[in-house]
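Beneath this line is the structure, given in structure tokens, with notes to follow.
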Amino acid sequence: MIYYFAYGSNMSYQRIAARVSQCESLGVYYLPQYQFKCHKVGLDGSAKGNAFYTGDESRIYGVLYALSDTDKTLLDTIEGVGKGYECRKVTVYDYSNADTSAYTRAYTSDSESTHASLKLSNLRASNLKSSNVKSSAETTNSQQEKIAYLYAATNINDCLLPFCWYKHHIEFGAAQAKLPESYREQISQLPCQEDPDTQRAALEMAIYN
């Protein structure tokens with residue numbers, strides 16, 4: 002079993018369930034001294050998420066999953082390991098045991114900030130359709146920290162914007178996992194652009210139907 006720390010679009014249960022055969026959510030964890038940025042150069046030409054090392058008091062919040070070796074290999078291919086992402090081993094900490102008063106910081110835009118957030122419609126986290134993903138309530142996880150893998154960008158461009166459907170995956174997953182409200186609010190300020198490929202955008206959003 003491999004632990005995978007999802008901090009971007011794969012926080013959405015529907016998103017990761019459409020990509021792997023089975024996974025188990027262990028709940029909300031955080032990664033200290035890293036900041037969430039959306040500047041990884043995606044294969045589709047848009048920006049994707051990155052765990053950017055800062056060495057300061059920043060934190061990235063996300064969902065910790067347990068995956069089989071087979072599903073981890075599959076996810077490596079889907080995410081594009083060797084093509085803009087690398088696997089990185091990190092220590093993440095159980096948020097339920099964390100000091101909730103600690104300083105947190107989410108995405109910070111290096112360009113002029115714009116408000117292009119999507120409304121999270123029909124969000125019903127308690128009635129998920131993804132039967133192949135277990136909820137954290139079904140999992141007993143007494144340990145405060147885990148050694149996990151994440152995907153870190155090797156090719157970045159701060160001038161790129163993510164597509165709006167990609168931002169929706171992140172927002173949906175963050176709300177679903179009940180990440181800290183201030184962290185979710187900062188993610189909502191992430192500027193995005195409409196995908197010119199309307200068919201691709203429709204397919205991405207279809208997992209929520």
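Numbering (the working numbering), first residue to last: 2 to 210. Beta carbons: idealized from backbone N, C-alpha and C, even for Gly. Quick caveat, the model's predicted, so the values are computed rather than measured.
| field | Spatial neighbours of glutamate 1 in its chain, beta-carbon cut-off 6 Å, leaving aside the 5 residues before and after | value | Nothing can be reported for residue 1: it is not among the residues displayed for the chain, which extend from 2 to 210.
| Is it buried or exposed for alanine 149, if we count other Cβ within 10 angstroms and need 16 for buried? | Around the beta carbon of alanine 149, 16 or more other beta carbons sit within 10 angstroms, so the residue counts as buried.
| Just the Cα atoms here: how many angstroms apart are lysine 179 and isoleucine 188? | Roughly 13 Å between the two C-alpha positions.
| query | Excluding the five sequence neighbours on either side, which residues of its own chain have a C-beta within less than 7 Å of the C-beta of asparagine 98, listed in chain order? | reply | So the qualifying residues of the chain are Gln145.
| With respect to the beta strand (DSSP E) encompassing tyrosine 209, which residues constitute its N-terminal and C-terminal limits? | Boundaries cannot be given for tyrosine 209, as no beta strand (DSSP E) includes it and DSSP labels it neither H nor E.
| task | Measure the beta-carbon distance from serine 10 to tyrosine 167 and round it to whole angstroms, keeping in mind my assumption that it falls under 8 Å. | result | Confirmed, Cβ separation roughly 6 Å.
| field | DSSP three-state assignment for leucine 180, whether helix, strand or coil | value | Here leucine 180 carries a coil assignment [DSSP, helix/strand/coil].
| query | Are the CB atoms of alanine 48 and leucine 161 nearer to each other than 8 Å? | reply | In contact: alanine 48 and leucine 161 (Cβ atoms closer than 8 Å).
| Reference glutamate 186; option with closest CA among Ala176, Pro33, Ile17 | Looking at the Cα atoms, Ala176 is the closest of the given residues.
| task | Would you give the residue range spanned by the beta strand (DSSP E) that arginine 89 belongs to? | result | Per DSSP, the continuous beta strand (DSSP E) segment holding arginine 89 begins and ends at 86–95.
| query | In angstroms, rounded to a whole number, what distance separates the CA positions of lysine 130 and glutamine 15? | reply | The predicted model places lysine 130 with a pLDDT of 36, which falls under 50 and marks its position as unreliable; any figure quoted below should be read in that light. Spanning the two alpha carbons is a distance of roughly 8 Å.
| Start and end residues, beta strand (DSSP E) containing arginine 60 | In the DSSP annotation of this structure, the continuous segment of the beta strand (DSSP E) that includes arginine 60 starts and ends at 60–68.
| Residue from Val93, Lys73, Ile61, Gly43 whose Cα sits closest to the Cα of glutamine 36 | Of the candidates Val93, Lys73, Ile61, Gly43, the residue whose Cα lies closest to the Cα of glutamine 36 is Ile61.
| Backbone CA spacing between leucine 151 and phenylalanine 173 [nearest angstrom] | When rounded, the distance between both Cα atoms is 19 Å.
| task | Check the C-beta distance from valine 91 over to phenylalanine 6 and give it rounded, since I have them as a contact under 8 Å. | result | Your pair valine 91 and phenylalanine 6 checks out as a contact, with CB atoms roughly 7 Å apart and the cut at 8 Å.
| field | CA-to-CA distance, tyrosine 184 to serine 114, given in whole angstroms | value | With a pLDDT of 36 at serine 114, under the threshold of 50, the modelled position of this residue cannot be trusted, and the question is left open.
| message | Can you tell me which residues form a DSSP beta bridge with leucine 26? | response | Before going further, note that residue 26 is serine rather than leucine in the sequence given. Per DSSP, Tyr66.
| field | Contacts around arginine 89, its chain only, beta-carbon distance under 8 Å, and the 5 residues preceding and following it disregarded | value | Within the same chain, arginine 89 has close Cβ partners Ala52, Tyr150, Leu151, Tyr152, Ala153.
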